[in-house]
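K.L.:
In our numbering, the protein residues as written are 3 to 817.
1) Look up residue 246 in the DSSP assignment and say whether it is helix, strand or coil.
2) Measuring alpha carbon to alpha carbon, tell me which residue in 79, 737 and 770 is nearest residue 861.
3) Which whole-angstrom value is the C-beta distance of residue 604 and residue 645, which I expect to be below 8 Å?
4) Compute the beta-carbon to beta-carbon distance between residue 634 and residue 673, rounded to the nearest angstrom, for a pair I have assumed lies under 8 Å.
5) Pull up the distance between the alpha-carbon of residue 128 and that of residue 76, whole angstroms please.
6) Along the chain, which unbroken stretches of the beta strand (DSSP E) at least 3 residues long are found entirely within the stretch 744 to 768?
7) Does the stretch 777 to 786 touch the stretch 438 to 445, meaning 3 or more C-beta pairs lie closer than 8 Å?
8) With DSSP as the reference, identify every bridge partner of residue 538, one or two as the case may be.
9) Just checking my contact of residue 284 with residue 204 at CB under 8 Å: how many whole Å lie between their CB atoms?
10) Kindly indicate which three-state DSSP category residue 660 falls into: helix, strand or coil?
11) Pick from 472, 195 and 150: whose alpha carbon is nearest that of residue 529?
12) In the DSSP assignment, the alpha helix (DSSP H) including residue 511 goes from what residue to what residue?
13) If we count the other Cβ atoms within 10 Å of its Cβ and call it buried at 16 or more, is residue 379 buried or exposed?
14) Cα separation between residue 341 and residue 704?
15) How should residue 563 be labelled, buried or exposed, when 16 other C-beta atoms within 10 angstroms of its C-beta is the threshold for buried?
16) By the DSSP assignment, the alpha helix (DSSP H) with residue 399 in it spans what residues?
17) Specify the secondary structure class of residue 265 as computed by DSSP and reduced to three states.
18) Leaving out five residues on either side along the sequence, give the residues of the same chain with a beta carbon under 7 Å from the beta carbon of residue 197.
19) Quick one: what's residue 178 bridged to in DSSP?
20) Which ranges would you report for the alpha helix (DSSP H) in the stretch 683 to 715 if only whole runs of at least 4 residues count?
21) From the DSSP secondary-structure annotation, give me the bridge partner or partners of residue 431.
22) Could you say which of 50, 163, 231 and 269 lies nearest to residue 191 if we only look at CA atoms?
23) What are the boundary residues of the beta strand (DSSP E) that includes residue 51?
24) Do the CB positions of residue 333 and residue 381 come within less than 8 Å of each other?
25) Given residue 64, which residues of its chain have a CB within under 7 Å of its CB, disregarding the five upstream and five downstream residues?
26) Might you give, ordered along the chain, the residues of its own chain that have their beta carbon closer than 6 Å to the beta carbon of residue 243, omitting 5 neighbours on each side?
27) According to the Cβ coordinates, are residue 697 and residue 763 closer than 8 Å?
28) I'd like to confirm the pairing. Which residues does DSSP put opposite residue 14 in its beta bridges?
29) I'd like to confirm the pairing. Which residues does DSSP put opposite residue 678 in its beta bridges?
30) What residue range is occupied by the uninterrupted beta strand (DSSP E) comprising residue 787?
31) For the beta strand (DSSP E) containing residue 160, list its first residue and its last residue.
32) Please determine, among 171, 221, 228 and 185, the residue with the shortest C-alpha to C-alpha distance to residue 200.
33) Could you have a look at residue 395 and say whether DSSP puts it in helix, strand or coil?
34) Going by alpha carbons, who is nearest to residue 106 out of 307, 61 and 146?
35) Which first and last residues belong to the beta strand (DSSP E) in which residue 321 is found?
36) Assuming the contact rule is C-beta atoms closer than 8 Å, residue 794 and residue 300 should be a hit. Round their C-beta distance to whole Å, please.
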């Protein structure tokens with residue numbers, strides 16, 4: 003292969019007179035920009051550098067290529083800290099051939115001083131470089147990237163390594179190097195988008211260490227080259243039927259394309275290009291939907307700076323990834339990663355970023371750099387992650403030692419101080435600035451419409467307020483799959499009435515307190531049912547244990563101590579002591595498996611009676627007003643069919659009572675949550691009594707794994723994921739082998755008893771694309787997702803249907 007390359011170029015690898023220099027590049031089957039290593043200028047040594055100087059007629063250029071190679075090779079292949087090279091470079095005038103030569107020799111000495119011999123044999127260089135690029139597949143940033151974007155071994159099990167003949171963009175004023183997107187990766191607009199640097203190498207552009215020129219300037223600087231680039235980009239896009247990310251070099255006026263790959267775009271651009279590519283006749287509707295990442299749609303729903311906010315920006319840079327984010331300014335990568343993992347909102351502030359900084363990106367709310375352009379490392383990675391990002395903000399002067407930045411030598415922001423960045427406009431604000439919901443584009447609406455037409459499984463919302471229900475309706479939810487009634491009790495205007503009910507010493511007192519709550523709940527149910535305009539609304543009866551609504555035991559003890567220490571009123575001390583006594587009565591060793599859900603509803607039937615009556619009264623009033631409603635009452639934590647039968651009797655009794663009094667016939671479905679493992683095993687018995695069943699996958703996952711979600715995610719689950727003990731967090735995506743098998747068993751058993759029984763899920767998994775695909779394949783009727791994830795769920799459902807249809811076409815006998 004090297005002989006072929008020598009034949010094509012007319013140069014000889016390792017020969018001093020006419021040396022062939024090469025780059026060693028990675029090439030995985032899935033695009034992972036900036037995550038793996040590349041080594042340029044390979045083949046240079048003390049002999050070949052002189053040959054390159056004679057060949058080019060430029061000593062400075064040749065030695066500059068050599069010093070770049072030593073630094074890149076030393077860092078990537080020999081593992082030498084890049085900062086040691088940067089320390090040698092600091093303050094050097096690289097326009098002088100003598101200085102550049104001295105730097106190159108200092109770099110070689112550095113390699114020797116660190117015990118890493120720099121090889122002069124080009125073939126040894128090649129061997130070590132190939133090995134290093136292969137190793138970068140298992141480097142921290144590449145592993146983190148694959149984990150973050152769920153790139154599994156069946157999608158990409160490793161990388162290829164490509165050896166490419168070098169061309170040079172740093173051979174003078176008629177040479178340049180750059181990166182160009184065939185469409186704008188921020189907006190999707192059909193125009194060239196990118197940067198280039200004259201008399202530079204590709205690493206200078208993507209590293210962000212220099213601020214490049216916008217690609218539009220090339221039309222004036224090198225008009226012929228620009229026209230060639232436009233034509234090549236169009237040809238590449240038409241061939242791949244996908245916007246491209248193209249690296250190019252111009253050597254002495256001649257254009258060379260170094261590589262092309264599918265462009266990483268934000269969700270706004272992905273949606274627009276999908277619509278445009280379809281209307282341009284390049285792709286089908288199904289292909290248009292398939293190329294959009296459902297999770298990425300959240301980017302379109304990003305909040306932006308409220309235009310009514312009076313705060314002035316303190317600096318402006320280049321907006322590289324849209325959305326507004328507030329958080330504390332953090333200047334250290336390791337600290338940003340640590341704070342982010344603890345849940346702190348962090349804005350990572352750097353002069354420029356390197357691929358090694360990626361783990362901190364994942365934990366940051368936004369990124370701000372004072373160098374680099376729209377195709378720098380920070381910009382590309384942040385855009386792919388959907389993180390707000392500003393680059394090239396030269397107005398800020400970063401003091402890395404004191405962890406602060408200043409603007410115009412005056413305004414100083416220190417580490418830990420709150421700032422806000424707007425990745426759409428490039429503006430930086432001191433402190434936290436108000437934000438507002440974004441506007442939805444016509445392309446976004448069209449994608450949702452196509453997805454809704456194509457999907458099989460229905461999408462409902464988890465919504466407990468009119469505001470959530472309104473948002474769900476706006477995004478196309480087909481009902482509410484989970485309305486948590488306890489969220490209503492937690493509202494400030496009714497929590498005290500609910501606490502009074504808990505404190506009641508007998509049934510009569512409880513009923514009196516509940517009588518005050520009933521009209522409030524009826525009003526809540528009425529508002530949500532009216533908002534959903536005849537679509538199903540599944541109302542879950544009270545689930546959490548009662549002690550969760552009372553103050554914390556330690557807080558109560560502290561309050562009593564303070565009251566007694568300050569000679570507080572005896573009546574107030576007695577009141578707080580009474581609450582503490584009730585907390586002790588209700589406290590449990592394991593509340594998750596204790597007195598909650600249906601068990602509590604059977605122990606205190608007046609609670610469920612009140613809630614059921616509120617639903618029935620709300621439905622009756624709306625029906626009389628001419629509003630079509632479809633309420634569904636769902637019982638949580640059912641494990642025994644006898645439990646469901648007991649609550650069904652209460653339901654039927656209250657429903658008959660309201661129907662008689664209101665002189666109306668109500669259509670209200672009665673169903674059960676399946677979140678206890680035993681319920682999965684007796685789903686056929688439950689189906690006899692239920693009009694519908696809905697899997698509560700949060701609790702079912704906890705019960706199946708014997709994990710407490712809070713403890714698992716806070717302590718050992720990250721370690722399990724890191725070690726590969728589990729590949730995916732089971733609280734984010736359904737565990738198909740365990741939890742999924744129980745679900746399939748329950749679906750089969752229930753449908754044997756009642757063929758048309760409605761089955762769905764209502765846990766957080768309802769908004770997860772992988773879980774939606776599983777639910778669709780398992781034959782569920784609907785999934786219920788958080789309101790803001792409805793668009794994600796709709797697109798994921800459509801993609802699942804497309805995938806299933808393709809599978810059936812390939813394996814027709816299965817149908």
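The C-beta atom is built at its ideal place from N, Cα and C for all residues, glycine as well.
P.N.:
The structure says:
1) Numbered from 1 along the chain shown, position 244 holds the residue referred to as residue 246. It is a strand residue.
2) Residue 861 lies beyond the stretch modelled for the chain, which goes from 3 to 817, so this question has no answer here.
3) To locate residue 604, count along the chain shown from 1; it is residue 602. To locate residue 645, count along the chain shown from 1; it is residue 643. Contact flag correct, Cβ pair sits at about 6 Å.
4) The residue given as residue 634 occupies position 632 in the chain shown. The residue given as residue 673 occupies position 671 in the chain shown. The Cβ separation is near 6 Å, so the contact holds.
5) Here the question's residue 128 lines up with position 126 in the chain shown. Here the question's residue 76 lines up with position 74 in the chain shown. The straight-line gap from Cα to Cα measures roughly 13 Å.
6) Assignment of beta strand (DSSP E) within the stretch 744 to 768, counting only whole runs of 3 or more residues, yields 760 to 763 in chain order.
7) no
8) In the chain shown, counting from the first residue as 1, residue 538 sits at position 536. According to DSSP, residue 538 bridges with 632.
9) Numbered from its first residue, the chain shown carries residue 284 at position 282. Numbered from its first residue, the chain shown carries residue 204 at position 202. Wrong, their Cβ atoms sit about 29 Å apart, outside the cutoff.
10) Indexing the chain shown from 1 puts residue 660 at position 658. Residue 660 falls in the helix class under three-state DSSP.
11) As a position in the chain shown, residue 529 is number 527, starting the count at 1. Out of 472, 195 and 150, 472 has the C-alpha closest to the C-alpha of residue 529.
12) Residue numbering aside, residue 511 sits at position 509 when the chain shown is read from its first letter. Residues 509 to 533.
13) By one-based count along the chain shown, residue 379 stands at place 377. Burial call: buried.
14) Here the question's residue 341 lines up with position 339 in the chain shown. Here the question's residue 704 lines up with position 702 in the chain shown. Going from the Cα of residue 341 to the Cα of residue 704 covers about 27 Å.
15) Here residue 563 corresponds to residue number 561 of the chain shown, with the count starting at 1. Label assigned to residue 563: exposed.
16) The residue given as residue 399 occupies position 397 in the chain shown. First-last for residue 399: 398 to 401, but that is the beta strand (DSSP E), not the alpha helix (DSSP H).
17) Position 263 of the chain shown holds residue 265. It is coil, neither helix nor strand.
18) Residue numbering aside, residue 197 sits at position 195 when the chain shown is read from its first letter. Excluding residues within five positions, the ones whose Cβ falls inside 7 Å are 180, 181, 207, 214, 215, 216, 217, 375, 376 and 377.
19) Locating residue 178 in the chain shown gives position 176, counting from the first residue. Assignment of beta-bridge partners to residue 178 by DSSP yields 200 and 252.
20) 685 to 691 and 699 to 707
21) Here residue 431 refers to the residue found at position 429 when the chain shown is read from its first residue. For residue 431, which the question treats as bridged, DSSP gives the partners 422.
22) Taking the first residue of the chain shown as position 1, residue 191 is located at position 189. With distances taken between Cα atoms, residue 191 lies closest to 269.
23) Along the chain shown, one-based indexing puts residue 51 at 49. No beta strand (DSSP E) contains residue 51, which is instead part of the alpha helix (DSSP H) from 50 to 58.
24) The count along the chain shown starts at 1 and reaches residue 333 at position 331. The count along the chain shown starts at 1 and reaches residue 381 at position 379. Cβ distance not < 8 Å, so residue 333 and residue 381 don't count as in contact.
25) Residue numbering aside, residue 64 sits at position 62 when the chain shown is read from its first letter. Around residue 64: 51, 54, 55 and 58.
26) Position 241 of the chain shown, counted from the start, is the residue given in the question as residue 243. Excluding residues within five positions, the ones whose Cβ falls inside 6 Å are 284 and 285.
27) Position 695 of the chain shown, counted from the first residue, corresponds to residue 697. Position 761 of the chain shown, counted from the first residue, corresponds to residue 763. Inclusion of residue 697 and residue 763 in the CB contact set at 8 Å is warranted, their separation being smaller than that value.
28) Against the chain shown, residue 14 aligns to sequence position 12. Bridge partners of residue 14: 21.
29) Taking the chain shown and counting its residues from 1, one reaches residue 678 at position 676. For residue 678, which the question treats as bridged, DSSP gives no partner whatsoever.
30) Stepping through the chain shown from its first residue, residue 787 is reached at position 785. 784 to 788 is the span of the beta strand (DSSP E), which, as asked, contains residue 787.
31) In the chain shown, the residue the question calls residue 160 occupies position 158. Looking at the DSSP string, residue 160 is not in any beta strand (DSSP E), and its letter there is neither H nor E.
32) The residue labelled residue 200 in the question sits at position 198 within the chain shown. Measuring from the Cα of residue 200, the nearest candidate turns out to be 171.
33) Within the chain shown, residue 395 is the residue found at index 393, counting from 1. Three-state result, residue 395: coil.
34) As a first step, residue 106 must be located in the chain shown, where it is residue number 104. Nearest C-alpha to residue 106: 61.
35) The residue given as residue 321 occupies position 319 in the chain shown. From DSSP, the beta strand (DSSP E) with residue 321 extends over 320 to 323.
36) Counting from 1 along the chain shown, the entry for residue 794 is found at position 792. Counting from 1 along the chain shown, the entry for residue 300 is found at position 298. Correct: roughly 7 Å between the Cβ atoms.
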